[in-house]
Structures are given as C-alpha cells and as structure tokens.
Amino acid sequence: MLVGTLGLTFNNFSLRNIFHLKDYKPLPKGDGQKLSLQGQSSGSAYQNYSFTFTEPWLGGKKPIYFALSAYTQRSSTAYYYAPTDPNYNNLRINGVGITLGKKLNWPDNYFQLNYSLNYDHYNLDNYTGYLFSNGTSNNIKFTQELQRNSLDAPIYPTSGSNIKLTIQGTPPYSLFNNIDYKIATQEQIYHFVEYYKVKYDAQWFQRITGKLVLMSQIRFGFLGEYNSAVPASPFERFKVGGDGMMQYQFLQGSDIIGLRGYQNFTIIPVGTNYTADTNPGSTIYNKYTFELRHPVIQSQSATIFALVFAEGGNVWNSFDKFDPFNIRRSAGVGVRVFLPIFGLLGLDYGYGFDAIPGIPGANKGQFSFSISQSLSGGFQ
4 MLVGTLGLTF NNFSLRNIFH LKDYKPLPKG DGQKLSLQGQ SSGSAYQNYS
54 FTFTEPWLGG KKPIYFALSA YTQRSSTAYY YAPTDPNYNN LRINGVGITL
104 GKKLNWPDNY FQLNYSLNYD HYNLDNYTGY LFSNGTSNNI KFTQELQRNS
154 LDAPIYPTSG SNIKLTIQGT PPYSLFNNID YKIATQEQIY HFVEYYKVKY
204 DAQWFQRITG KLVLMSQIRF GFLGEYNSAV PASPFERFKV GGDGMMQYQF
254 LQGSDIIGLR GYQNFTIIPV GTNYTADTNP GSTIYNKYTF ELRHPVIQSQ
304 SATIFALVFA EGGNVWNSFD KFDPFNIRRS AGVGVRVFLP IFGLLGLDYG
354 YGFDAIPGIP GANKGQFSFS ISQSLSGGFQ
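Each residue of the sequence shown is one higher than the last, beginning at 4 in the working numbering.
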C-alpha cells in the first residue's frame, strides 16, 4: 500500500499575534513557537491528520516546554469490501495530548523531566490485530519521562550517552467500577483500559579510532496490570521485528520496535501461533544493538555515514518466561543520509540467524528503510 504524506511546519510561529492580520506572512511569526500540520492518506483505506503546537519557552527565567497535539486516523478495507461484507473492517482513533517539560540542573544540566496527559478513543469494527475486534475503548494515560542526554551531536554523535526512563499509567478503574470481570463482556472490560507501563532506553557512543564510532544500545519495556482479574490491555503492547515503521501501523496504539533482518511483527512469544497480521503484541520485550559507524561525507549541506550492526531482541507475555539472553539475533550493513530538507534517511540489509516457528522465511534477509533517527526520539 502506498501512503502519501503532506506536512507543513512553521518554526517561528506566534500565537500571540494570531489576531493581527498584518503579521500574517503567511502566518504570524516572531515568538519562536512551532506549529506542525500533517496529513497522510492512501485513499479510503487509510487517512491520518495531526496537529502539534509547541512553545519551547513558557514562563520567564525558568522556561517550561509546552506542547499541545491532536490527531484523527482511520484504517479500513472500504476500498475492497462494502460495510455489509464479512471481510470489511474499520478502525477509527481520535486523540489529544498535552506535554509539559523542563530542564533540570541536578544531578547535572543534561537532565530533562517531561509530563504528559493523553486521551485516545478507539472505535473498532471487525478489526483484527488487537485482543478484541468490535466495540469502543478509551485510553486516558499519564506519562512521566526522565531523560539524560549528553550526546555531542544530534546527527553523528561521537561521544556521550542518551538514557531515558518512562513510566506511564491509567487510573485503576477496577478498584471502583463494580464490574465482575469473570462474566463481563469485552465491551465492558475494555471500555476504559487500565494498565501501567515501564520503558528503559539507553545509548552510548564511543570513538574507537579516527572517525570510527561504536554505538551500544539497550531497550526494555513492560506492560503490567493493577488487578490480576483484569485482562492485560489490548493497546500499548510491543510489536517487534522489521524496520520499526510498518507504513502507518506505528500510529495505532502499539509500540513498534524494529529488529532488522526479520519481517515486520514476526518476533512472537515461543509457543504462540500468531502471524505478522494477527500478532496483537506482547507485554514484555528487550533488545540489544551494536553498531560501528564511519562517516563518508560530513558537511553543512549533507551528512552520510556507513554502518555495520549486530542486534538481537525477543518478546514474552509473562515474567515467568522472561529470559534476557534468549534473543532473536541478526547482523547486517547500512547507510544513513542526512539532508536538511528530508531529515535522516536510512537503508539497511540484515539477516536473521534464528528461525521463527510457524512463520517460514521470516528471518531470511530483509531490506529496511527508515525515516528519522528512529520513531522514539533517537532510539532504534
């Protein structure tokens, strides 16, 4: 499926002057705020529209980062099937969010603390890929993120580290909603999803010799429940394998984790019989990556560097089976190209060393294309 994207970003926007028509060039500017509008579409099969407003300096001597965002998206088989056809499916997601963040001076000035509050509304009609396929669901989540970033450069770091701890959760509805989960319907169980989520991401960069740099990375994620009687959330799960993008599906209520050398979403827990299309995601994952990077071109107009990589990762649905050393391994080569007008583009070829039971050929060598450093702000 081909997905077209159109986006507009105004980097020096001024909300204060929005009613001053004489300042429109083509929009009011001058306050250093950022306004982004983006649309994606493949016709009736998929549409996504998003809006983000960013104020990097909210306040006086101690500035606070502020962001407001909203989006709506739809995924459907309407192009192929009528709504009355048994094969028809449709997913509509609407969401809004607000973020506040600030730089910290302790333990050092590399730290930043962010708080976010988001609301997502899901409407599913015969839609596969989650633990339920029909009904509506609401996800009200609060996120706290602590990050320390001491990288010496954003595009081609040669020293420093980037470490991030994220804690996310919903209200514990099961403590006060009086639902008997033994007899409750899926619509009742998932009307307001409840969960808590912990993620840890860390990167280290070290110059080996000359311009040759080693990047080492560890990633871990866990999705838990407050109440053992409540089934785990069908959203916010981890899907591992492939390029980490999977066209537009990275927006649909899951954490998409790339693992080069394997097909998209084919890293599944041992003993399950999911396919890439039916994989609902897992509640635990971890991943390790090592890359040797060397620049080909470094200039103000373009940066190009080549790399070789080795990485591995796996998923589980319970800590009883969690084994951080039991991973699906791969290795390969790649190239990154940074152009100011396009951002960072990447192409990799990886080969997976471990077969995936029930998914023949999932590890038999894959090309992966990436846009931006990754979908998680620098981690990949």
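Ideal placement from N, C-alpha and C gives every residue a C-beta, glycine not left out.
Subject >> Start-to-end residues for the beta strand (DSSP E) that takes in Glu190 >> reply: No beta strand (DSSP E) holds Glu190; the alpha helix (DSSP H) holding it covers 189 to 192.
Original post:
Just to confirm, are Leu262 and Gly337 a CB contact at a threshold of 7 Å?
Top reply: Not closer than 7 Å, so no.
**OP:** Decide if Tyr251 is buried, meaning its Cβ has at least 16 other Cβ atoms within 10 Å, or exposed.
**Re:** Residue placement at Tyr251 is flagged as unreliable, the pLDDT there being 46, under the threshold of 50; the coordinate-derived value follows with that caveat. Classification of Tyr251: buried, given that the 10 Å Cβ count is 16 or more.
Original post:
Which value, in whole angstroms, describes the spacing of the CA atoms of Ile287 and Gly98?
Top reply: 25 Å
**OP:** Locate the beta strand (DSSP E) running through Thr75, then write down its first and last residues.
**Re:** That run of the beta strand (DSSP E) goes 67 to 79.
Original post:
Fully enclosed by the segment 138 to 199, which alpha helix (DSSP H) runs are 4 residues long or longer?
Top reply: Those alpha helix (DSSP H) runs which fall completely within the segment 138 to 199 and span 4+ residues are 189 to 192.
Original post:
Between the C-alpha atoms of Asn276 and Ile270, what's the straight-line distance to the nearest angstrom?
Top reply: 11 Å
**OP:** State the Cα-Cα distance for the pair Gln171 and Phe356, rounded to the nearest angstrom.
**Re:** 34 Å
**OP:** Say whether the segment 58 to 68 touches the segment 83 to 94, bearing in mind that this needs 3 or more beta-carbon pairs closer than 8 Å, one atom from each stretch.
**Re:** no
Subject >> Beta bridge counterpart(s) of Trp207 as assigned by DSSP >> reply: Ser164, Ser219, per the DSSP bridge assignment.
Original post:
With which residues is Phe406 paired in a DSSP beta bridge?
Top reply: Outside the displayed span of the chain (4 to 383) sits residue 406, for which this structure offers no information.
Original post:
How would you call Pro237, buried or exposed, if buried means at least 16 neighbouring beta carbons within 10 angstroms?
Top reply: buried
**OP:** Please say whether Gly227 and Tyr184 have beta carbons closer to each other than 7 Å?
**Re:** no
Original post:
What residue from Gln301, Ser140, Gln206 has the CA that sits closest to Asp128's CA?
Top reply: Ser140
**OP:** For the beta strand (DSSP E) holding Tyr354, just list the boundary residues, first then last.
**Re:** 346 to 355
Original post:
Does the distance from the C-beta atom of Gln115 to that of Gly104 stay below 7 Å?
Top reply: yes
Original post:
Taking the continuous beta strand (DSSP E) assigned at Tyr49, which residues delimit it?
Top reply: 49 to 61
Original post:
In whole angstroms, what is the alpha-carbon distance linking Phe293 and Thr188?
Top reply: 45 Å
Original post:
Helix, strand or coil for Ile359 per DSSP?
Top reply: coil
Original post:
Among the residues of its own chain, which have a CB less than 6 Å from the CB of Gln150, if the five just before and after it don't count?
Top reply: Gln115, Lys167.
Original post:
Pairing CB atoms from the segment 326 to 344 with CB atoms from the segment 300 to 315, are three or more of them under 8 Å?
Top reply: yes
Original post:
How far does the beta strand (DSSP E) with Arg95 in it reach, from first residue to last?
Top reply: 93 to 106
**OP:** For Glu197, count neighbouring Cβ atoms within 10 angstroms of its own Cβ and tell me buried if that reaches 16, exposed if not.
**Re:** buried
Original post:
Helix or strand or just coil, what does DSSP make of Val233?
Top reply: coil
**OP:** Specify the secondary structure class of Gln266 as computed by DSSP and reduced to three states.
**Re:** coil
Subject >> Burial state of Thr278 (16 or more Cβ within 10 Å) >> reply: Under this definition Thr278 is an exposed residue.
Original post:
How would you write the range of the beta strand (DSSP E) that Leu38 sits in, first residue to last?
Top reply: 36 to 44
**OP:** Could you have a look at Gly316 and say whether DSSP puts it in helix, strand or coil?
**Re:** strand
Original post:
Taking the Cβ atom as the reference point for each residue, do Lys144 and Thr102 lie within a distance shorter than 7 Å?
Top reply: no
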